[in-house]
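**Q**
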Amino acid sequence: MSDKQPDADFDPRPVTDSELREEYTSEQVRHWRDQADRTHQDWFSVLDNDYGKD
Numbered sequence: 001m002s003d004k005q006p007d008a009d010f011d012p013r014p015v016t017d018s019e020l021r022e023e024y025t026s027e028q029v030r031h032w033r034d035q036a037d038r039t040h041q042d043w044f045s046v047l048d049n050d051y052g053k054d
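Last residue of the sequence shown: 54 (UniProt numbering), numbering continuous.
#1: Under the three-state reduction of DSSP, which class applies to Arg21: helix, strand or coil?
#2: Quick one: grab the DSSP three-state call for Gln5.
#3: Could you name the residues of the same chain whose beta carbon sits closer than 7 angstroms to that of Arg21, not counting the 5 residues immediately before and after it, in chain order?
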């Protein structure tokens, strides 16, 4: 195990929803969700590709 101590400003506690709402706008969150949905769809389109499955 490493003897290195974490940085003093590192806080491993999770961030609450209300804290996120204060920091990010709903438009930013919507954009991230849409981007994640597109990436997810792209990934599954690759999985459904029949190339190389002879």
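Quick reminder that beta carbons are idealized off the backbone N, C-alpha and C, glycines included.
**A** The short version:
#1: The answer is helix: DSSP assigns Arg21 an H, G or I state.
#2: It is coil, neither helix nor strand.
#3: Cβ within range, chain order: n/a, list empty.
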